[in-house]
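S.K.: To convert, count from 1 in the sequence shown and add 845; that's our numbering.
Here a beta-carbon is modelled for each residue, glycine too, at the ideal position from N, C-alpha and C.
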Amino acid sequence: METATGEMILLAGNSYPELANLIASRLGIKLGNCSVYHKTNRETVVEIGDSVRGKDVYILQTGTKDVNNNMMELLIMAYACKTSSARNIVGVIPYLPYSKQSKMRKRGCIVSKLLSEMLCKAGLTHLITMDLHQKEIQGFFNVPVDNLRASPFLLQYIQEQIPDYRNAVIVARNPGSANKATSYAERLRLGIAVIHGEQKESDSDMVDGRNSPPAVPRSRTMDVALDTMPVLTAKEKPPINVVGDVGGRIAIMVDDMVDDVVSFVAAAEVLKERGAYKIYVLATHGLLSSDSPRLIENSAIDEVN
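1) Whose CA, out of Ala1113, Ile934 and Arg1018, lies closest to the CA of Asp1101?
2) Answer yes if the region 915-922 comes into contact with the region 869-876, meaning at least three C-beta pairs across the two stretches below 8 Å, and no otherwise.
3) Measuring straight from C-alpha to C-alpha, what distance separates Asn1024 and Glu888?
4) Assuming the contact rule is C-beta atoms closer than 8 Å, Ile982 and Ser947 should be a hit. Round their C-beta distance to whole Å, please.
5) Taking C-beta to C-beta, are Lys951 and His978 nearer than 7 Å?
6) Taking the continuous beta strand (DSSP E) assigned at Lys1123, which residues delimit it?
7) Below 7 Å between beta carbons: does that hold for Asp1147 and Lys1123?
8) Mapping DSSP to helix, strand and coil, what is Ala995?
9) Quick one: grab the DSSP three-state call for Glu888.
10) Examine the ligand MN and report whether any of its heavy atoms sits within less than 6 Å of the Cβ of Asn1024.
11) Confirm, please, whether the CB-CB distance from Val1126 to Val1107 is below 7 Å.
12) Name the DSSP beta bridge partners of Tyr903, please?
13) Rounded to the nearest angstrom, how far is the Cβ of Leu959 from that of Ile938, given a contact under 8 Å?
14) Do Arg1119 and Val1099 have their C-beta atoms within less than 7 Å of each other?
15) Is the Cβ-Cβ distance between Ala1153 and Val1014 less than 7 Å?
16) Below 8 Å on the Cβ atoms is my contact criterion, and I expect Ile1085 with Ala1111 to pass it. Report the Cβ-Cβ distance as a whole number of Å.
17) Buried or exposed: where does His1041 fall if 16 or more other Cβ atoms within 10 Å of its Cβ makes it buried?
18) According to DSSP, simplified to helix, strand and coil, what is Ala1145?
19) Considering only residues of the region 958-1025, which uninterrupted alpha helix (DSSP H) runs meet the minimum length of 4 residues and lie entirely inside it, listed in chain order?
20) Using 7 Å as the threshold, is the C-beta distance between Thr970 and Asn992 below it?
21) Taking only the alpha-carbon atoms, compute the straight-line gap between Leu1035 and Val1088 and give it to the nearest angstrom.
22) Distance check for Gly1131 and Met949, CA to CA, integer angstroms please.
23) Can you tell which of Glu852, Glu962, Asn1012 and Gly858 has the C-alpha that lies nearest to the C-alpha of Gln906?
24) Quick one: what's got a C-beta closer than 7 Å to Tyr882's C-beta in the same chain, skipping five residues either side?
25) Do you know whose CA, among Ser961, Glu1142, Ala1128 and Lys966, lies nearest Glu1002's CA?
26) If Arg932 and Lys900 are in contact, beta carbons under 8 Å, what's the gap, nearest whole angstrom?
27) Do you know offhand how far Gly968's Cα is from Leu1000's?
28) Do the CB positions of Gly908 and Pro942 come within less than 7 Å of each other?
29) Give every residue of the same chain whose Cβ lies closer than 6 Å to the Cβ of Leu1116, excluding the five residues on either side of it in the sequence, and list them in chain order.
30) I'd like to check one pair, Ile854 with Val902: are the Cβ atoms closer than 7 Å?
31) According to the Cβ coordinates, are Cys965 and Val988 closer than 7 Å?
32) Let me know if Ser880 comes out buried or exposed under the rule of 16 or more other beta-carbons within 10 Å of its beta-carbon.
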């Protein structure tokens, strides 16, 4: 999309005003005049003070701990621009919320699909995001999606800020993140280790209800069939273990987000027991919900970036 700076407007919600000011300063433009506030009954009100008619509007809004308000603000801002005859409406969403809910689980729904349809219906004509939890989420949108990568910056951080990084090993905290860890390890020419046996989120462990057939009412005609039906037993995870050598090495766990840190803390304890003398956690999105900061402080993790 070729746009002259005079024909573009940068608007921002309440999720990350500091980032919006930094981007506007870097582009050499003034942040658009937009007021987003809540009424006493918590309804969201958006007032755009600049004309957006025939212009390319970039709306910066990301997911924070107040995720539902963040997304409602974005939807109303996009719709306000759409009804004000903006030429293009580009959503700049560094962290796209609900991206973990991108698979059907039991009797739930694919919430990221619902969110994508809402954003498109509100008026977005383009989406810019970073490190989606699942790349397939791009297919939920019927507008172009740019899924940017943070890996070049994280690789640069490892090379410049971690002393003796050549003595490090890249660790996948579960088998599901092994591909990401392998990508980092190959570009840094380091070894890889995988944590196995923890409460993981790989496809094989997702509960979708298919292994729990509905109860069949007992009847005279079904008694014989029920006697031969195999009994389904719950999966039992093996004890947490490390596949790979981390003894006397620096362990670097990489992932797309750090939210609930319980699995990271458990993995760090095992890595420390196996001889890792320093443990780093690198991720694109540091949500750190609930009491995650306290758990990290009391864990074997040395640094989170």
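M.R.: Taking the coordinates as given:
1) Arg1018
2) no
3) 43 Å
4) 5 Å
5) no
6) Lys1123 to Gly1131
7) yes
8) coil
9) coil
10) Among the ligands in the structure shown, none appear at all, so the ligand MN cannot be discussed.
11) no
12) Leu855 and Val935
13) That belief does not hold up - the Cβ atoms of Leu959 and Ile938 are roughly 15 Å apart, past 8 Å.
14) no
15) Examination of residue 1153 is not possible in this model, given that the chain is present from 846 through 1150 alone.
16) 7 Å
17) buried
18) coil
19) 996-1006
20) no
21) 15 Å
22) 25 Å
23) Gly858
24) Val890
25) The sequence shown places Tyr at residue 1002, rather than the Glu named in the question. Measuring from the Cα of Tyr1002, the nearest candidate turns out to be Ala1128.
26) 6 Å
27) 36 Å
28) yes
29) Val1091, Ala1096 and Ile1124
30) yes
31) yes
32) exposed
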